[in-house]
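Here's the structure we're looking at; comments come further down.
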Amino acid sequence: MTKFFYLLFQVLILIILFLWIMSFEQRVDFFWEGIIFTSKISSIIFISVFLIVLILIIYRIYIFFRQSPKKIRNSMVINNYNKGITSIVKAIAAMSNNDDKELIVQANRIDNYLKDNPISLILKAESAKKAKKNDIAEKYYNQMLQLSDTKIIGFRGLLEQNLKKQDFHHALIYAEEIYKINYKLEWIFETIIQIIVKTQNWQKLIEINKDAYYKKIISKKEFQETNSSANYEIAIIKESFSSQEAINLLSIANNDRPNYPPIVKKFSSLLINNNEFTKAKKLILKCWAHFPHQMLFDEYVNISRSENTNIINNVSKLIKNNPNEYDSIIAMAKAHILEKNWERAKNLMKPLLSSKPSKTVCEVMHDIELGMSGNAQKANSWKNRILMGDYEKTWVCKYTGYIQDNWSPVSEGGFLNSLEWTWPKTDKIKEKNNLIPNIIGSS
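Each residue of the sequence shown is one higher than the last, beginning at 2 in our numbering.
This is how it looks when you write it as structure tokens:
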């Protein structure tokens, strides 16, 4: 209603103005080349106003046609943008529903509506990956590297592509690029470690481990364990052509992970071969005081034989800090077996005998029985009890529960520093084929 009165008011003003102009009855004469032109003032004013209005209308028409193509283009851009956003939403919905066909359709539409859009590149790469068109997906991932917003996604895509092809060399390159961009990503450091384990590039492991420690990604304990494992692996490689270099590397490994039986065993073995008996003996004695383990027994016996000293006396010194420990009792009994003191060995084993003796106890008792009676059938009865015996400590992967007889820096399942000397949990033991680590985190 207000607009109506406003319009009526404007019309009235125009009528009044028109009548006022027409009220001028005076005449005006114009002379031009001897010709006289006569007109009313009202007519002159009316014509002048008309011409001004006409000029304004023509100007407005000119401006309209001048700006129209730009407006049309802008309108088309906005329209395409809206359609592109709609396709993005549909593509994301298709991804969540695992609708690969719809994802591919919407990705193509996004490409039509949103040229060179980062989201378009991501979804097109995803659709190509879903369609198993790896070459096309790789092309899009490489295009992402040109844009700062999508560079890390491009590197991850290329990382996954190369892992599928088992091209661990290039996979490591892309993983390191991601690490440089954002080392705080939870999965990237572990992924690099797993790739290095696959390639057995232990020197690279030392480098990345040191960098991760400086960046506070890992604790000091984790740093030392990994550094120890890497130097241990390099020492194994060096052993065949430079025993001294291997000894130096094992010394580093032992310093980072002191009194750890597998490292001490290998270290002392090389020292014995190098006739460094005193150093090897001190190493084993110190380790046994902290972590008694049967794998050290044979090396200690080798020292006794090399020095031509009494084995029983030497083993007594070995176990003096923990004589009642399971491994210490076994070691003392084995020493008496070597000296053919069968009765003494049998008496030492009595505290470990039970209705279900462990595998090691059964094996020791087999040797004692065979030595005492010479009756193989009677001795073998102990071996028959092994299957029914209690579980004993062994090397168990803390991630999978899989057990293995011998320690190694990398478990048979492919995990670094995962083996622990403990009792196996039978409900968690898995088959080897199921122990493939998730090498790219939670993707």
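Every residue, glycine too, gets a C-beta built ideally from N, C-alpha and C.
Being a predicted model, the structure only gives us computed values, none of them experimental.
Nearest neighbour of residue i, chosen from the options [CA to CA]
{"i": "Y82", "options": "M96, I48, S121 and G158", "result": "S121"}
{"i": "G372", "options": "N202, W396 and W343", "result": "W343"}
{"i": "P293", "options": "I330, V365 and L146", "result": "I330"}
{"i": "I189", "options": "Q201, I174 and I207", "result": "I174"}
{"i": "W289", "options": "P324, E277 and R386", "result": "P324"}
{"i": "A473", "options": "K91, N99 and W422", "result": "The structure shown does not extend to residue 473, since the chain spans only 2 to 444, so no value can be given for it."}
{"i": "N385", "options": "T395, M366 and Y403", "result": "M366"}
{"i": "E139", "options": "K125, Y261, D328 and I273", "result": "K125"}
{"i": "I455", "options": "W422, S409 and F51", "result": "Limits of the chain in this structure are 2 at one end and 444 at the other, which puts residue 455 out of reach."}
{"i": "I194", "options": "F224, Y215, K166 and I182", "result": "F224"}
{"i": "K166", "options": "N135, Q144 and D150", "result": "N135"}
{"i": "F278", "options": "N315, S355, P352 and D150", "result": "N315"}
{"i": "P262", "options": "L52, W396 and E103", "result": "W396"}
{"i": "A341", "options": "E326, K357 and G375", "result": "With the sequence shown as reference, residue 341 is identified as Lys, and Ala is not the correct amino acid for it. Of the listed residues, the one whose Cα sits closest to K341 is G375."}
{"i": "D101", "options": "S128, Q405 and T151", "result": "S128"}
{"i": "K283", "options": "N309, A254, S241 and K318", "result": "K318"}
{"i": "K217", "options": "L186, N202, D150 and M296", "result": "L186"}
{"i": "K287", "options": "N256, V50 and L9", "result": "N256"}
{"i": "N99", "options": "S241, K130, I253 and K280", "result": "K130"}
{"i": "D406", "options": "G155, K181 and Q295", "result": "Q295"}
{"i": "A254", "options": "S49, D212 and W203", "result": "W203"}
{"i": "W422", "options": "Y63, T3, R61 and D328", "result": "D328"}
{"i": "S446", "options": "V50, Y214, W383 and R345", "result": "In the structure as shown, the chain starts at 2 and stops at 444, and residue 446 therefore has no counterpart that could be examined."}
Neighbourhood of residue i by C-beta distance below 7 Å, restricted to the same chain and skipping five residues each side
{"i": "S359", "result": "G390, D391 and E393"}
{"i": "F298", "result": "A332 and K335"}
{"i": "S270", "result": "E300"}
{"i": "C398", "result": "S412, G414, F416, S419 and L420"}
{"i": "A172", "result": "L160, N163, L164 and I196"}
{"i": "K426", "result": "G402"}
{"i": "R258", "result": "Q225, E226, S229 and I264"}
{"i": "W424", "result": "Y392 and K394"}
{"i": "Q445", "result": "Only positions 2 to 444 of the chain appear in this structure, which leaves residue 445 out of reach."}
{"i": "S307", "result": "I273 and F278"}
{"i": "S88", "result": "Q107, R110, I111 and Y114"}
{"i": "M96", "result": "L104 and E127"}
{"i": "P352", "result": "I330"}
Bounding residues of the beta strand (DSSP E) (the contiguous stretch that carries residue i)
{"i": "T395", "result": "T395 to C398"}
{"i": "E421", "result": "L420 to T423"}
Whole-angstrom C-beta distance between residue j and residue i, which should lie under 8 Å
{"i": "I197", "j": "L206", "result": "5 Å"}
{"i": "I111", "j": "G85", "result": "6 Å"}
{"i": "A247", "j": "K239", "result": "4 Å"}
{"i": "N275", "j": "S244", "result": "6 Å"}
{"i": "M350", "j": "I369", "result": "7 Å"}
{"i": "T192", "j": "F169", "result": "About 11 Å separates the two Cβ atoms, so there is no contact after all."}
{"i": "H337", "j": "I304", "result": "Actually they are not in contact, since the Cβ atoms of H337 and I304 sit about 18 Å apart, beyond 8 Å."}
{"i": "A132", "j": "I93", "result": "About 17 Å; that fails the 8 Å criterion."}
{"i": "R157", "j": "I137", "result": "So it is not a contact: roughly 17 Å between Cβ atoms."}
{"i": "P119", "j": "L148", "result": "6 Å"}
First through last residue of the alpha helix (DSSP H) which encompasses residue i
{"i": "W203", "result": "W203 to Y215"}
{"i": "I194", "result": "I189 to T200"}
{"i": "P410", "result": "Premise fails: P410 is in no alpha helix (DSSP H) and is neither H nor E."}
{"i": "L159", "result": "K152 to K165"}
{"i": "F169", "result": "F169 to I182"}
{"i": "P119", "result": "P119 to K131"}
{"i": "K221", "result": "K221 to K239"}
{"i": "M145", "result": "N135 to M145"}
{"i": "N99", "result": "No alpha helix (DSSP H) contains N99, which DSSP labels as neither H nor E."}
{"i": "S382", "result": "A377 to N385"}
Residues near residue i in its chain [Cβ-Cβ closer than 8 Å; skip 5 each side]
{"i": "L251", "result": "N232, Y233, A236, I264, K267, F268 and L271"}
{"i": "N183", "result": "I153 and I189"}
{"i": "N322", "result": "W289 and A290"}
{"i": "L354", "result": "V362 and M366"}
{"i": "L339", "result": "V302 and I312"}
{"i": "D458", "result": "Because the chain in this structure spans residues 2 to 444, residue 458 falls outside the shown range and cannot be described."}
{"i": "K181", "result": "none"}
Beta-carbon proximity list for residue i, same chain, < 6 Å, skipping 5 on both sides
{"i": "Y141", "result": "L122, K125 and A126"}
{"i": "Y1", "result": "Nothing can be reported for residue 1: it is not among the residues displayed for the chain, which extend from 2 to 444."}
{"i": "E326", "result": "P293"}
{"i": "Y400", "result": "F416 and S419"}
Practice prompt. Write down every uninterrupted run of the alpha helix (DSSP H) in the segment 258-321 whose length is 4 residues or greater and which is fully enclosed by it, in chain order.
Written response: 262-274, 278-291, 298-308 and 312-319
Worksheet item: Considering only residues of the segment 335-368, which uninterrupted beta strand (DSSP E) runs meet the minimum length of 3 residues and lie entirely inside it, listed in chain order?
Response: none
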